Each structure stands twice: as C-alpha cells, then as structure tokens.
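J.: Below: one structure in structure tokens.
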Amino acid sequence: MTRPRGALRVRVRGEGPQSYSVMVGSGLLGAEGGPIARLARGRDAALIVADAGLPTQLVEAVESRIAGVGVRVARVGVRAQERRKSLATLELVLAAAAAARLDRGGLIVGLGGGVVTDLAGFAAAVYRRGVDSVLCPTTLLAMVDASVGGKTGVNIEVGAAGTGAGAPRLLKNMAGAFHHPRLVVCDVAALASLSLRQLRAGLAECLKHGLVGAGAADAGLWGFTQRAIDRLAHEPLHERTLAALVGRHAAYKARVVAADPKERARGGAVGRMALNLGHTFAHAIETLPGLRWPAPGGAGPAVRGPLLHGEAVGLGLIAAADLGESLRRAEPGLALAVEGALGRAGLPTRVGGLPASDQVIDRMLDDKKVLGGRLRVIVPTRARRAALIDGPDRGLVARAIDRLRA
Ligand SMILES: NC(=O)c1ccc[n+]([C@@H]2O[C@H](COP(=O)([O-])OP(=O)(O)OC[C@H]3O[C@@H](n4cnc5c(N)ncnc54)[C@H](O)[C@@H]3O)[C@@H](O)[C@H]2O)c1
Ligand SMILES: [Zn+2]
0 MTRPRGALRV RVRGEGPQSY SVMVGSGLLG AEGGPIARLA RGRDAALIVA DAGLPTQLVE
60 AVESRIAGVG VRVARVGVRA QERRKSLATL ELVLAAAAAA RLDRGGLIVG LGGGVVTDLA
120 GFAAAVYRRG VDSVLCPTTL LAMVDASVGG KTGVNIEVGA AGTGAGAPRL LKNMAGAFHH
180 PRLVVCDVAA LASLSLRQLR AGLAECLKHG LVGAGAADAG LWGFTQRAID RLAHEPLHER
240 TLAALVGRHA AYKARVVAAD PKERARGGAV GRMALNLGHT FAHAIETLPG LRWPAPGGAG
300 PAVRGPLLHG EAVGLGLIAA ADLGESLRRA EPGLALAVEG ALGRAGLPTR VGGLPASDQV
360 IDRMLDDKKV LGGRLRVIVP TRARRAALID GPDRGLVARA IDRLRA
C-alpha cells in the first residue's frame, strides 16, 4: 500500500450550495482510509466504472479501499474509445448499476481517462434520476480538464441507417447533462502507466488554459505552463511538477466554472466558452483518417492519424491564435509562440493529409457553438483573455487552417 504524498485541495463551487473538492497528490488512490473510502463509508453499494486500459492493480486497489469500509463494490470495465462513449455503453453501465442494486444513496466511481469520467458522470446524472459520483481521472487531460466542471455526456453517431443522410460521423458530446461529482481525486502517480503520447496530449489543454488565463484571474498561467512543460520535457513524470500543474489548472478551471456554471454567459462575456478555445478547429480534424506528422524530436518514423483529442486541440490553438492575429485581437507572433510551446511539449504543429479548407470549415459547422448556421470561434486576445468571434470571415478561417499543413 502506498502513502499519499503532498496532497493539495482545490474547492470547486457547483451550483447553489453544492461545492466539492479536487484533491491532487501522489498515491491518493491506493491509500488506506483515503478520500474515496471516506466518501464511500456508510453507503450500501458502489459501482466502479473502470477504464479497461488501466493496470489491474490500480483498479483492484480502489476496489479494496471501498470494500474496506464495508461497502459492496461492483465493477464494470469500459474500453476508452470515442466510439464507445455512446448511449449503448451508457446503457451497459446503467445495467451494471441496476444489477448491483445501487440505491439512491449508491456511489458511482469513474476511474480512467476523460472517456470514462464523462461516461461515468453521465451515468451518475441519470441513474435513478441522479446519484453521487466520484471521479478519479487517470490521464493528465482528464485531471486538468474533463473531470472538473460537471459536464458529462456521450457522443452521437449520425448518418448511420435511419438517422439522416451523409456519411456516418461522430458528433462529440451531443447528449449529456451537467452533474457535479462529490469529489475529484487526481493521483499523479497513476500517470506512470500512461503513454508519453497521451501525457503530452494533456499538455495541449494546459496551454489552452494558459492562453486565456487572465479571464479567470490567472494572467501568469501561460508562463507557468510553459515552465512546467520545459521541466517535463526532461523528466515527463516529475511528480512535483505534475501535481503543481494539475493543481493550478484545476483551480483555473474551477474559477471559470464557478463564474458560468452552465455556459450561459451573456452580454458579451465569454465565460465558460473560453474553454472551447481551439476546439472548433480540433473537433473538425480530430476524427480525420489519413493524417501524418513527424515523430516528436524527429525520432523515428512519421506518426499516422487520426490525432488524439489533445493533439488536435494543440493544432486548434495554433489556428485560433492565427485567426486572432488576423483579426488584430491577438499580438503578432502569438501563433508562432504557440507552435514553439507545442513543439517543446512534443506535440504536432503541422499535419499532412488535411482535406481542403472548405471541407474542414463544413465540418466546423457541426460544432455546438454554431448558431443559425453561422460559425462562432473563440480566439485568444493580447490580454490573455478569450474573445468570441461571431461569423468570422471564411477566408481568414481558411488561412488559419492552411497554417496547419505540413
Ligand atoms: N467533460 C469535460 O468537460 C471534458 C473536457 C475535456 C475533454 N473531455 C473528454 O475527454 C475525452 C478525452 O479524454 P482523455 O484524453 O483522457 O482520453 P481517453 O479517456 O480516451 O484515454 C486515453 C487512453 O489512455 C488510457 N489510459 C487512461 N488512463 C491510463 C493510465 N493511467 N495508464 C494507462 N493507460 C491509461 C485509456 O484506456 C485510453 O486508451 C474526450 O471524450 C473528451 O470529449 C471532457
Ligand atoms: Zn478538450
């Protein structure tokens, strides 16, 4: 059994009286009497929704910590793939909860990357019209982004038989609910088994926060994040750096969410939509087959697509910064600085095999932010804030996309 090291706590204000903690440290998941056991104590049953990609010891450790406080524990494994972040998998999870006879006081534990935490959170939102959840993100991306803020959901596939015309395509997070967990546990020791590629993908979301940090009173987040990236370039699993990174980014996200819990900012305020920086571009390119880009540091053969979500977000940040520069909202050279930071993080900055920009823009029009058929894109500004551009010039958007071509 491990002892937790250096735990820090970030408070997240949900809606109304609801608030919860994000705990960040090393060894938190395996710790006897740790935070999950404290939350589970006194309940009848818990269901662990476990990422099938995790080392078995980690899942078993969490299971025995909960069982150790006298709670019945059931487990359901989920393969973390976007195609499986679906209503069909949700039904499997709900069926597992019902088979385990979880009552209204039951606890759903989401243990895994963002696919699993989004799915487990959604299951907790709808099972018996809502039960408590605890999210234990095990990827950097899920720690700094997906598990904080109460957004849960699944993807919807359209174009399959009977669901409309066109080629089948996956629309991300089209069904979901706002449902805050009771607790988030970020154990940076769990990142040890994550691939370097997945770890780097999480750094792209950190850079995203950094570019708009001043909007939530953290103008220094851009510099802080770059320093952490430079440290991790030498030692990717440096626990103190990882814990500091996760803590500061979770705190940033918590403030954004508290100011605009349901993404309904009005009167020119961007609110939570700032977190969509780069994502309108990213969602249009992240499922594309046939992309290719150089391996980090030029070591080894080229990597072939599709991109990971975080990798696509990194490219989206470059395009958004480029558009921000064209519109004179961002300072000249910002897109170049973003490219530099992504490069130091080992993330792609250019890809071969992108379709024509018009086609990419058509895919961007599937985005949730589209209103009345008009594109809406978030760009970073000079002041490290986010601005929402309603109906940007199509030529400028095409130019931003062209910048991503290898
Ligand atoms: N709810 C939100 O606010 C929000 C925000 C950002 C992203 N998301 C969602 O998060 C998802 C992406 O999450 P992700 O980047 O974590 O990817 P992921 O969940 O697909 O996980 C990536 C891979 O890592 C594996 N894995 C996870 N933890 C591991 C570990 N510790 N050791 C070894 N392997 C491990 C998984 O099995 C998977 O193969 C997307 O679906 C995205 O829409 C949600
Ligand atoms: Zn994202």
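Using numbering that gives the first Met the number 0, the first residue of the sequence shown is number 0, and each one after it goes up by one. Cβ coordinates follow ideal geometry from the N, Cα and C atoms, glycine included. The structure presented is a predicted model; accordingly, all values stated were derived computationally and were not measured.
For the beta strand (DSSP E) that contains Lys150, what are its first and last residues?
T.: It spans Lys150 to Val157 - the beta strand (DSSP E) in which Lys150 sits, taken as one unbroken run.
J.: If the criterion is Cβ atoms closer than 8 Å, does the pair Ser146 and Val183 meet it?
T.: For Ser146 and Val183, yes; Cβs fall inside 8 Å.
J.: Which residue comes first and which comes last in the alpha helix (DSSP H) that contains Met173?
T.: Unbroken run through Met173 is the beta strand (DSSP E), Arg168 to Phe177; no alpha helix (DSSP H).
J.: Which residue marks the beginning of the beta strand (DSSP E) containing Val23, and which one marks its end?
T.: Its beta strand (DSSP E) spans residues Ser18 to Ser25.
J.: Does DSSP put Ala273 in a helix, in a strand, or in coil?
T.: Three-state DSSP puts Ala273 in a helix.
J.: Could you tell me which residues DSSP pairs with Gly111 in its beta bridges?
T.: Its beta-bridge partners are Pro136.
J.: Bridge partners for Trp292 per DSSP, in chain order?
T.: Val302.
J.: Using the beta-carbon count (16 or more within 10 Å), is Arg10 buried or exposed?
T.: Exposed, by the Cβ-count rule.
J.: Straight-line CA distance for Pro136 to Ala36?
T.: Taking the straight line joining both Cα atoms gives about 16 Å.
J.: Whose CB is closer than 6 Å to a heavy atom of ligand 2? List the residues in chain order.
T.: Residues with a Cβ closer than 6 Å to any heavy atom of ligand 2, in chain order: Asp144, Glu204, His278, His308 and Val312.
J.: Considering only their Cβ atoms, is the gap separating Ile65 from Ala39 smaller than 8 Å?
T.: Their beta carbons are under 8 Å apart, which means Ala39 touches Ile65 by this criterion.
J.: Looking at Leu314 and Pro260, is the spacing between their C-beta atoms short of 8 Å?
T.: Not in contact: Pro260 and Leu314 (Cβ atoms no closer than 8 Å).
J.: For Gly158, is the classification buried or exposed, using 16 other Cβ atoms within 10 angstroms of its Cβ as the cut-off for buried?
T.: It is exposed - the Cβ of Gly158 has fewer than 16 other Cβ atoms within 10 Å.
J.: Should Leu244 be flagged as near chain D, meaning a C-beta pair shorter than 8 Å?
T.: Within the model displayed, chain D is absent; a lone protein chain is all it includes.
J.: I believe Met142 touches Ile155 by the beta-carbon criterion, under 8 Å. Please report the beta-carbon distance rounded to the nearest angstrom.
T.: No, Met142 and Ile155 are not in contact; Cβ-Cβ is about 26 Å, not under 8 Å.
J.: Name the DSSP beta bridge partners of Leu53, please?
T.: In the DSSP output, where bridge partners are listed per residue, Leu53 has none listed.
J.: Considering only their Cβ atoms, is the gap separating Leu118 from Val153 smaller than 8 Å?
T.: Closer than 8 Å, so yes.
J.: Span of the beta strand (DSSP E) holding Gly76?
T.: Start and end: Arg71 to Val77.
J.: Return yes when the Cβ of Leu134 is within less than 8 Å of the Cβ of Ala344, no when it is not.
T.: No; because the gap between Cβ atoms is not below 8 Å, this pair is not in contact.
J.: Can you find the residues in the same chain that come closer than 6 Å, C-beta to C-beta, to Arg71, ignoring five residues on each side of it along the sequence?
T.: The residues are Ala44.
J.: Decide yes or no for the touch test of the region 15 to 31 against the region 203 to 211: beta carbon pairs closer than 8 Å, at least 3 of them.
T.: The answer is no - the region 203 to 211 does not touch the region 15 to 31, with fewer than three Cβ pairs under 8 Å.
J.: When you compare each of Leu341, Leu353 and Arg381 to Pro305 by their alpha carbons, which one comes out closest?
T.: Per the Cα distances, Leu353.
J.: For Leu93, collect the residues of the same chain with a Cβ closer than 8 Å to its Cβ; drop the 5 residues on either side in sequence, then sort them by chain order.
T.: Once the five neighbours on either side are set aside, the close Cβ partners of Leu93 are Ala122, Val125 and Tyr126.
J.: Looking at Val211 and Pro54, is the spacing between their C-beta atoms short of 8 Å?
T.: No, they are not a contact pair.
J.: Exposed or buried, Gln80, counting other C-beta atoms within 10 Å across all chains shown (16 or more means buried)?
T.: Counting Cβ neighbours within 10 Å, Gln80 comes out exposed, since fewer than 16 surround it.
J.: Could you give the distance in angstroms between the alpha-carbon of Arg398 and the alpha-carbon of Gly270?
T.: Their Cα atoms are separated by approximately 27 Å.
J.: With C-beta atoms as the reference, is His178 less than 8 Å away from Gly219?
T.: No. Outside cutoff.
J.: For Ala141, write down the residues that DSSP places opposite it in a beta bridge.
T.: Partner(s): none; Ala141 has no beta bridge.
J.: Does DSSP put Arg349 in a helix, a strand or coil?
T.: If DSSP states are grouped into helix, strand and coil, Arg349 belongs with coil.
J.: Using a threshold of 8 Å, state whether the C-beta atoms of Pro317 and Glu285 are closer than that.
T.: Sequence check: residue 317 is Ile here, not Pro. Contact: no.
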